Amino acid sequence: GGTEFPKPVWKEEKVKAKEIEEKYLEAVESRAREWGDSKGVLGRVVKVNVRRPRALLATVDALSSSRSKGGGDGGDGGDGDSDHAHEEESSEETARASLWRARAAIDRGYNAYLALVELRRLLQSDDAALVEARGRRRSEIGGEVEGALEALHMALGVEIVEERTEVRSKEGEEEGEREVKISKTARVDAAALSLTLSLPKGRMLLSRSIDEAILPHASACRVLPSAVGATLNSSPTAEDARGNLTGAPPRGEDRMLRSLAGLVRTERPSVHPRDLLDCLDAVLGAHRLRMDRAAKSIVIGNDGGEGEGEVDEGEAVRSMLGGQRTRMEVLHSVLSRGAEICVGDERW
82 GGTEFPKPVW
92 KEEKVKAKEI
102 EEKYLEAVES
112 RAREWGDSKG
122 VLGRVVKVNV
132 RRPRALLATV
142 DALSSSRSKG
152 GGDGGDGGDG
162 DSDHAHEEES
172 SEETARASLW
182 RARAAIDRGY
192 NAYLALVELR
202 RLLQSDDAAL
212 VEARGRRRSE
222 IGGEVEGALE
232 ALHMALGVEI
242 VEERTEVRSK
252 EGEEEGEREV
262 KISKTARVDA
272 AALSLTLSLP
282 KGRMLLSRSI
292 DEAILPHASA
302 CRVLPSAVGA
312 TLNSSPTAED
322 ARGNLTGAPP
332 RGEDRMLRSL
342 AGLVRTERPS
352 VHPRDLLDCL
362 DAVLGAHRLR
372 MDRAAKSIVI
382 GNDGGEGEGE
392 VDEGEAVRSM
402 LGGQRTRMEV
412 LHSVLSRGAE
422 ICVGDERW
């Protein structure tokens with residue numbers, strides 16, 4: 082048989098379980114403290130929650146220590162070696178802080194994703210008691226869904242903004258009166274999304290959210306161009322423990338790109354032509370970035386000389402795709418789908 086998932090529970094049951102666990106931990110700590118005081122113990126070790134080591138996600142401490150170390154050495158003297166070593170140390174600390182920020186964002190995203198999955202199962206449950214209570218508690222679940230969805234959006238760099246537009250007054254009304262129409266649109270922070278997609282778990286989070294329809298279709302379509310751009314700007318091959326290229330794609334990239342390609346091919350609901358045009362702009366931007374890097378490497382190789390060597394556009398495309406089938410499939414799906422729904426657009 083298939084895997085049997087535990088039945089979903091209401092929020093108050095989770096609160097009760099959390100209170101019981103907190104009371105138990107408090108009782109254990111108080112007994113340990115009393116025993117230590119009576120026996121004259123010099124110190125004690127605080128037990129952490131092994132099921133959720135929050136101390137490993139203390140990004141605030143990492144950022145503050147990085148900034149303090151980066152700005153603490155403000156002396157005018159020093160040779161070139163010390164300056165170079167300081168730059169390497171600061172860049173390493175910046176990379177470490179970015180890594181922890183990505184891990185913290187992915188952790189929050191997975192918590193929101195699992196909460197949304199459980200809430201959906203709660204609404205779709207066949208249990209008689211849950212079905213009976215479902216009607217009168219739908220509004221309560223709606224508030225929890227909005228909170229979890231906002232956390233998932235933040236992990237993927239998505240921000241929902243309200244746009245107000247004035248509509249002309251209807252016939253028979255005064256000319257000065259205008260109706261204000263409020264619409265919600267999704268905006269994507271490409272830097273925040275790239276930070277999340279820089280780790281395999283972040284790529285798996287986006288893939289699972291799209292495949293299981295946890296992420297709303299409109300948000301997924303707006304994430305699509307930035308995700309394609311972040312992927313094409315990254316290395317197409319993974320590295321092993323020694324830093325050597327393996328030839329295989331980074332872990333989780335194949336699944337994420339297949340999910341994005343499936344989103345593009347879906348006809349109902351379909352992606353908006355604007356999303357495909359933004360995807361095309363992202364591809365062209367990644368190609369220009371590769372061309373600029375190749376041009377700089379040629380100039381450096383010629384000791385700053387000009388007119389020696391040309392940038393091969395085909396080589397830039399090959400380095401962007403890296404011979405990876407899934408990257409080619411995403412690009413093909415964008416071009417083929419765009420040829421169907423973006424024919425009359427000038428940008429296409």
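If you count the sequence shown from 1, you need to add 81 to reach my numbering.
Glycine included, every Cβ here is placed at the ideal spot set by N, Cα and C.
Bear in mind that the values here come from a model prediction, so they are computed numbers and not experimental data.
ask   = DSSP three-state call for ILE241: helix, strand or coil?
value = Taking the first residue of the sequence shown as 1, we reach residue 241 at position 160. Here ILE241 sits in strand by DSSP.
message = Contact defined as beta carbons within less than 8 angstroms: I believe ALA329 pairs with THR318. What is the distance between those atoms, to the nearest angstrom?
response = Indexing the sequence shown from 1 puts residue 329 at position 248. Indexing the sequence shown from 1 puts residue 318 at position 237. That pair is a contact at about 7 angstroms.
ask   = beta strand (DSSP E) containing THR266: first to last residue?
value = Translated into the one-based positions of the sequence shown, residue 266 becomes position 185. Run containing THR266: 260 to 269, per the beta strand (DSSP E) assignment.
Cβ contact (3+ pairs, closer than 8 angstroms) linking the stretch 261 to 271 and the stretch 223 to 232 = no
request  = Evaluate SER417 with the Cβ neighbour count: other Cβ atoms within 10 Å of its Cβ, from every protein chain shown; 16 or more gives buried, anything less gives exposed.
outcome  = Here residue 417 refers to the residue found at position 336 of the sequence shown. Looking at its Cβ environment, which holds fewer than 16 other Cβ atoms inside 10 Å, SER417 is exposed.
request  = Measure the C-alpha to C-alpha separation of SER220 and SER351 and round it to an integer number of angstroms.
outcome  = For the purposes of this step, residue 220 is taken as the residue at position 139 of the sequence shown. For the purposes of this step, residue 351 is taken as the residue at position 270 of the sequence shown. Cα to Cα, SER220 sits roughly 29 angstroms from SER351.
CA-to-CA distance, VAL424 to GLU100, given in whole angstroms = On the sequence shown, residue 100 is found 19 positions in, with the first residue counted as 1. On the sequence shown, residue 424 is found 343 positions in, with the first residue counted as 1. Linking GLU100 to VAL424 through their CA atoms gives a straight-line distance of about 59 angstroms.
GLU247 - partner residues in DSSP beta bridges = Looking up residue 247 in the sequence shown gives position 166. Answer by DSSP bridge pairing, in chain order: VAL261.
task = Throw me the rounded Cβ distance for the LEU357 and GLY310 pair, which I believe falls under 8 angstroms.
result = Here residue 357 refers to the residue found at position 276 of the sequence shown. Here residue 310 refers to the residue found at position 229 of the sequence shown. The pair is not a contact, with the Cβ atoms about 13 angstroms apart (cut-off 8 angstroms).
task = Whole angstroms is fine: what's the gap from ALA367's alpha carbon to ALA113's?
result = Here residue 367 refers to the residue found at position 286 of the sequence shown. Here residue 113 refers to the residue found at position 32 of the sequence shown. The alpha-carbon atoms of ALA367 and ALA113 are separated by roughly 59 angstroms.
query = Can ALA183 and SER279 be called in contact, C-beta distance under 9 angstroms?
reply = If you number the sequence shown from 1, residue 183 lands on position 102. If you number the sequence shown from 1, residue 279 lands on position 198. Going by C-beta atoms, ALA183 is nearer than 9 angstroms to SER279.
inquiry  = So, under 8 angstroms CB-CB, LYS95 and GLU225 are touching, yes? Tell me the CB distance rounded to an integer number of Å.
reply    = Within the sequence shown, numbered from 1, the residue matching residue 95 stands at position 14. Within the sequence shown, numbered from 1, the residue matching residue 225 stands at position 144. About 11 angstroms; that fails the 8 angstroms criterion.
request  = Would you kindly report the start and end of the unbroken alpha helix (DSSP H) that includes TRP116?
outcome  = The residue labelled residue 116 in the question sits at position 35 within the sequence shown. Residues 92 to 120.
query = Can you list, in chain order, the residues of its chain whose CB lies under 6 angstroms from that of LEU144, leaving out five sequence neighbours each side?
reply = As a working mapping, residue 144 is identified with position 63 in the sequence shown. With a pLDDT of only 47 at LEU144, under the threshold of 50, the placement of this residue in the model should not be trusted; the figure read from the coordinates follows. If we look at LEU144 and ignore the five residues flanking it on each side, its Cβ neighbours are ALA178.
ask   = What does a CB cutoff of less than 7 angstroms around LEU412 pick up in its chain, not counting 5 residues either side in sequence?
value = Stepping through the sequence shown from its first residue, residue 412 is reached at position 331. Same-chain partners within the cutoff: VAL364.
Distance between LEU237 and GLY190 (C-alpha atoms, nearest Å) = Translated into positions along the sequence shown, residue 190 becomes position 109. Translated into positions along the sequence shown, residue 237 becomes position 156. Straight-line Cα distance between these residues: approximately 8 angstroms.
request  = Take the Cβ of SER119 as the centre, count every other Cβ of all protein chains shown within 10 Å, and call the residue buried at 16 or more, exposed below.
outcome  = By one-based count along the sequence shown, residue 119 stands at place 38. Looking at its Cβ environment, which holds fewer than 16 other Cβ atoms inside 10 Å, SER119 is exposed.
ask   = For ALA342 versus ALA273, is the C-beta distance shorter than 9 angstroms?
value = Here residue 342 refers to the residue found at position 261 when the sequence shown is read from its first residue. Here residue 273 refers to the residue found at position 192 when the sequence shown is read from its first residue. No, Cβ-Cβ distance for ALA342 and ALA273 is not below 9 angstroms.
ask   = SER340 and ILE263 look like a contact to me (Cβ under 8 angstroms); what is the Cβ gap, rounded to whole Å?
value = The count along the sequence shown starts at 1 and reaches residue 340 at position 259. The count along the sequence shown starts at 1 and reaches residue 263 at position 182. Contact flag wrong, Cβ pair sits at about 31 angstroms.
inquiry  = Cutting at 7 angstroms between CB atoms, please list the residues of its own chain near LYS104, excluding the five before and the five after it.
reply    = Your numbering for residue 104 matches position 23 in the sequence shown. Correct list: empty, nothing qualifies.
query = When the Cα of ALA301 is compared with those of LEU106, SER172, HIS353 and GLY223, which residue comes out closest?
reply = On the sequence shown, residue 301 is found 220 positions in, with the first residue counted as 1. Among LEU106, SER172, HIS353 and GLY223, the Cα nearest to that of ALA301 belongs to HIS353.
task = Label GLN205 either buried or exposed according to how many other C-beta atoms from any shown protein chain fall within 10 Å of its C-beta, with 16 as the threshold for buried.
result = For the purposes of this step, residue 205 is identified with residue 124 of the sequence shown, where counting begins at 1. Looking at its Cβ environment, which holds fewer than 16 other Cβ atoms inside 10 Å, GLN205 is exposed.
Whole-angstrom C-beta distance between THR277 and ASP335, which should lie under 8 angstroms = For the purposes of this step, residue 335 is taken as the residue at position 254 of the sequence shown. For the purposes of this step, residue 277 is taken as the residue at position 196 of the sequence shown. Rounded, the Cβ-Cβ distance is 17 angstroms, inconsistent with contact.
task = Compute the Euclidean distance between the alpha carbons of VAL398 and ASP373, then round it to the nearest angstrom.
result = Here residue 398 is taken as the residue at index 317 of the sequence shown, counted from 1. Here residue 373 is taken as the residue at index 292 of the sequence shown, counted from 1. Approximately 12 angstroms, taken between the alpha carbons.
inquiry  = Excluding the 5 residues flanking ARG245 on each side, which residues of the same chain have their C-beta closer than 6 angstroms to its C-beta?
reply    = As a working note, residue 245 is residue 164 in the sequence shown. Taken in chain order, the residues that qualify are VAL261 and ILE263.
key: Buried versus exposed, by CB contacts within 10 Å (16 or more), VAL248   = Position 167 of the sequence shown holds residue 248. It counts as exposed.
ask   = By Cβ distance, which residues of its chain are closer than 6 angstroms to VAL90, with the 5 residues on each side in sequence left out?
value = The residue given as residue 90 occupies position 9 in the sequence shown. Within the same chain, and ignoring the five residues on either side of VAL90 in sequence, no residue has its Cβ closer than 6 angstroms to its Cβ.
request  = Have a look at LEU305, LEU200, GLU169 and GLU227 and flag the residue whose alpha-carbon is nearest the alpha-carbon of ASP362.
outcome  = By 1-based counting over the sequence shown, the position of residue 362 is 281. Selection LEU305, LEU200, GLU169 and GLU227 evaluated against ASP362 yields LEU305 as nearest (Cα-Cα).
message = Only counting the same chain, and skipping five residues up and downstream in sequence, which positions put a Cβ closer than 8 angstroms to that of VAL198?
response = Residue 198 sits at position 117 when you count from the first residue of the sequence shown. GLU293 and ILE295, listed in sequence order.
task = Could you name the residues of the same chain whose beta carbon sits closer than 6 angstroms to that of ILE422, not counting the 5 residues immediately before and after it, in chain order?
result = As a working note, residue 422 is residue 341 in the sequence shown. Only PRO354 meet the Cβ criterion.
key: Bounding residues of the alpha helix (DSSP H) (the contiguous stretch that carries LYS88)   = Position 7 of the sequence shown, counted from the start, is the residue given in the question as residue 88. Careful: LYS88 lies outside any alpha helix (DSSP H) and carries neither H nor E.
Selected residue, minimal CA-CA separation from ASP359, among VAL345, ARG371 and ARG349 = The sequence position of residue 359 within the sequence shown is 278, counting from 1. The shortest Cα separation from ASP359 among VAL345, ARG371 and ARG349 belongs to VAL345.
request  = Tell me whether the beta-carbon of TYR194 lies closer than 9 angstroms to the beta-carbon of LEU338.
outcome  = Position 113 of the sequence shown, counted from the start, is the residue given in the question as residue 194. Position 257 of the sequence shown, counted from the start, is the residue given in the question as residue 338. For TYR194 and LEU338, no; Cβs fall outside 9 angstroms.
key: Residue ranges of each alpha helix (DSSP H) within the stretch 168 to 227, 4 or longer   = 209 to 215
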